[in-house]
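> Residue numbers (my numbering), protein chains in the order written: chain A, 102 to 185; chain B, 6 to 308.
By construction, the Cβ of each residue, glycine as well, lies at the ideal position given by its N, Cα and C atoms.
All figures in this text were calculated on a predicted structure; none of them were measured in a lab.
Below is the structure I would like to discuss, written out as structure tokens.
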Amino acid sequence: MPAPLLAAVFWIAVVAVVVSQAMILRSTARVLRAAAPQRPLVEWGFAVGPALVLAVVLYLSWQAAMRPATIEVEVTPLPGEIRL
Amino acid sequence: MSATAPGAAAPTPAPVERTLLQDFVALTKPRIISLLLVTTAAPMYVAGDPTIGTVLLVMLGGYLMAGGANAVNMYLDRDIDDVMTRTRLRPIPSGRMHARLVLAFGVGIATAATWMLATFVNVLTGALALAGFYFYVFIYTRWLKRSSPQNIVIGGAAGAFPPLVGWAAVTNGLDLTAFYLFLIVFYWTPPHFWALALNKQKDYGNARVPMAPLVWGERETIAQMWWYTILLVALTVLPVAFGAFGAVYLALALVLGGLLLWGVHRVRVAADYVKPAWWVYGYSLLYLALLFVAMVLDRHLPL
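Structure below.
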């Protein structure tokens, strides 16, 4: 697929992931305030933990997506072609 | 929105007659495992070209491990299975099997699976499958299920181990694509199970399981289902950007994801969410299976 299309797919998906994760955290904050759970820190951990993992995976994906394409070529020279 | 009030006593379903063998099979929850096996086998063909022997061995090991986890789950949840309509006829609450026999069976087949995968496939595969077992039994069933409305969110990680198992069986390692397969199942779990929980609030209420619709309310749960589904669909297309999959997969992921988004949107806007939520529950099972098939097609179709 052409590089500009891949870049567009990447950035649109990243924006969708970031916005939806932010909305999930916002919604969780709302329900935690309303429900007043016994262990608010643990509940917050359950909400924030996946978001942190997601941030790391997005960073690694960005690195992988920006890496220039390479082709691996294996060359086995004939004995007569080796000159020291 | 429709609501099923918690607290009312669940009606007793008609008793069924089963052989001992049928009960042992029922303990493993074969219908649930069939989807886990798809999410185990498909990554094997995405990661490489495994022999049919390796695939069958991993399938058998995966079935025994997940079946063992399900049997131990039935042992630990035998008190709440007795008060929920849909679980009341399981072997323990119906009195057909002794609880300790179920526990021994579950631990036994999970141990056999660990030995089989570690010996005949590789140690990483056995370790990952065992980690999934421990996560399901101790983190989800024992801890989260009865203590947090986010039980399904974190517990979803248990169901996300099979793609890692399949990947490791072929490559004896894990990479970014494998982690994406894990995350796809992880983020698929909340909208899938909350669609069920919306329609089974009475059952969960009777069993005092703090599912999100009961604790947070239906409106907030449905809002989170929507955002989780958008996040899921976005995650499914991201591997295309770094070359893990191509155009065939991208097109199929967008079509399948678009249908799932449409289904969840219907739950959001419906005056009565019961039918749209059942549709989302059923379609999301098909969605995950077809998404993983799309990954295999993309890798192996000569396009």
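Which ranges does the alpha helix (DSSP H) cover as unbroken runs of at least 4 residues, wholly within the stretch 16 to 50 of chain B, from first to last along the chain?
Taking only runs of at least 4 residues, the alpha helix (DSSP H) segments lying wholly in the stretch 16 to 50 of chain B are 25 to 32.
> Does the stretch 192 to 211 of chain B come close enough to the stretch 61 to 74 of chain B to have 3 or more Cβ pairs within less than 8 Å?
Taking 8 Å as the limit for Cβ pairs, the verdict is that the stretch 61 to 74 of chain B does not touch the stretch 192 to 211 of chain B.
> Within 9 Å (strictly less), CB to CB, does L255/B reach chain C?
This model lacks chain C altogether; the protein chains it does include are A and B.
> With a CB to CB cut of under 8 Å and the five nearest residues on each side skipped, what residues in its chain are close to I235/B?
The residues are L266.
> Alpha carbon to alpha carbon, how far is V272/B from A205/B? Give it in angstroms, no decimals.
Ala is not the amino acid found at residue 205/B; the sequence shown has Lys there. Taking the straight line from one Cα to the other gives about 15 Å.
> Assign A135/A to buried or exposed, taking buried as 16 or more other Cβ atoms, counted over all protein chains shown, within 10 Å of its Cβ.
It is exposed - the Cβ of A135/A has fewer than 16 other Cβ atoms within 10 Å.
> Would you check if the distance between the CB atom of Q27/B and the CB atom of I125/A is smaller than 9 Å?
In this structure, I125/A does not lie closer than 9 Å to Q27/B by Cβ.
> Quick check on K207/B: buried or exposed, where buried means 16 or more other Cβ atoms within 10 Å of its Cβ?
With 16 or more Cβ atoms within 10 Å of its Cβ, K207/B is classed as buried.
> Considering G137/B, what are the terminal residues of the alpha helix (DSSP H) in which it resides?
Counting along the chain, the alpha helix (DSSP H) containing G137/B begins and ends at 128 to 139.
> Would DSSP call G222/B helix, strand or coil?
Three-state DSSP puts G222/B in coil, outside helix and strand.
> What is the DSSP secondary structure of G53/B, counted as helix, strand or coil?
Three-state result, G53/B: coil.
> Hey, is E175/A's beta-carbon within less than 9 Å of any beta-carbon in chain B?
Chain B, which has no Cβ nearer than 9 Å to the Cβ of E175/A, makes this no.
> Within the same chain, show all residues whose beta-carbon is closer than 7 Å to that of A152/A, passing over the 5 residues directly before and after it, in chain order.
Hits under 7 Å: Q122, L126.
> Distance cutoff 9 Å, beta carbons only. Does V260/B sit that close to anything in chain A?
No, no contact with chain A.
> Is it the case that the stretch 129 to 143 of chain A contacts the stretch 236 to 253 of chain B, given that we only count it when at least three CB pairs across the two stretches are under 8 Å?
These segments do not touch.
> Would the stretch 106 to 117 of chain B count as touching the stretch 37 to 53 of chain B if we require 3 or more Cβ pairs under 8 Å?
With a cut-off of 8 Å, the stretch 37 to 53 of chain B and the stretch 106 to 117 of chain B do not count as touching, because too few Cβ pairs lie within range.
> If you draw a straight line from the C-alpha of V174/A to the C-alpha of G181/A, how long is it?
Using only the alpha carbons, I get a separation of about 20 Å.
> What residue range does the alpha helix (DSSP H) around H103/B cover?
Where H103/B is concerned, there is no enclosing alpha helix (DSSP H), given that its DSSP letter is neither H nor E.
> So what's S7/B in DSSP terms, helix, strand or just coil?
With a pLDDT of 40 at S7/B, under the threshold of 50, the modelled position of that residue is not reliable, and no figure is offered here.
> Closer than 7 Å, Cβ to Cβ, to anything on chain A: give me those residues from the stretch 225 to 239 of chain B, in chain order.
Taking 7 Å as the Cβ-Cβ cut-off against chain A, the residues of the stretch 225 to 239 of chain B that qualify are E225, A228, Q229, W232, Y233, I235, L236, A239.
> For the stretch 146 to 166 of chain B against the stretch 87 to 98 of chain B, do three or more pairs of beta-carbon atoms, one drawn from each stretch, fall closer than 8 Å, so that the two count as touching?
With the cut-off at 8 Å, the stretch 146 to 166 of chain B and the stretch 87 to 98 of chain B do not touch.
> Drop a sphere of 10 angstroms on the beta-carbon of D86/B, count the other beta-carbons inside from all chains shown, and report buried for 16 or more, exposed for fewer.
When all chains shown are included, D86/B counts as buried.
> Short of 6 Å in beta carbon distance, which residues of its chain neighbour G111/B, apart from the five on each side in sequence? Order them along the chain.
These residues qualify, in order along the chain: G73, A76, V77.
> Under the rule that 16 or more other beta-carbon atoms within 10 Å means buried, what is T124/B, buried or exposed?
Label assigned to T124/B: exposed.
> Does DSSP put A1/B in a helix, a strand or coil?
Nothing about residue 1/B can be reported from this structure: the residues present for chain B run from 6 to 308 only.
> If you compare alpha carbons, which of F138/B, V238/B, R213/B, A299/B is closest to F250/B?
Cα-wise, what sits closest to F250/B is A299/B.
> Select from R151/B, L25/B, A200/B the residue whose C-alpha is nearest the C-alpha of Y288/B.
Nearest option by C-alpha distance: A200/B.
> Does the Cβ-Cβ distance between M121/B and I97/B come in under 9 Å?
No. Outside cutoff.
> By a C-beta neighbour count over all protein chains shown, 10 Å radius and 16 as the cutoff for buried, is N156/B buried or exposed?
The residue is buried, with at least 16 neighbouring Cβ atoms inside 10 Å.
> Measure the C-alpha to C-alpha separation of P168/B and G150/A and round it to an integer number of angstroms.
In a straight line, the C-alpha of P168/B is about 21 Å away from that of G150/A.
> Count the other CB atoms, across all protein chains shown, that sit within 10 Å of the CB of T177/A; report buried if there are 16 or more and exposed otherwise.
T177/A comes out exposed.
> State buried or exposed for N211/B, treating a residue as buried only when at least 16 other CB atoms are found within 10 Å of its CB.
Buried: at least 16 other Cβ atoms inside 10 Å.
> Quick check on S152/B: does DSSP put it in helix, strand or coil?
Reduced to three states, the DSSP call for S152/B is coil.
> Rounded to whole angstroms, what is the Cα-Cα separation between L290/B and Q164/A?
Going by the C-alpha atoms only, they are around 32 Å apart.
> Using only alpha-carbon positions, find the residue among I227/B, W231/B, V238/B, P218/B that is nearest to I189/B.
Ranking the options by Cα distance to I189/B, first place goes to V238/B.
> Would you grab the beta carbon distance between V118/A and L161/A for me? Rounded to a whole angstrom, and I think it's under 8 Å.
Contact doesn't hold; Cβ gap of about 13 Å is too wide.
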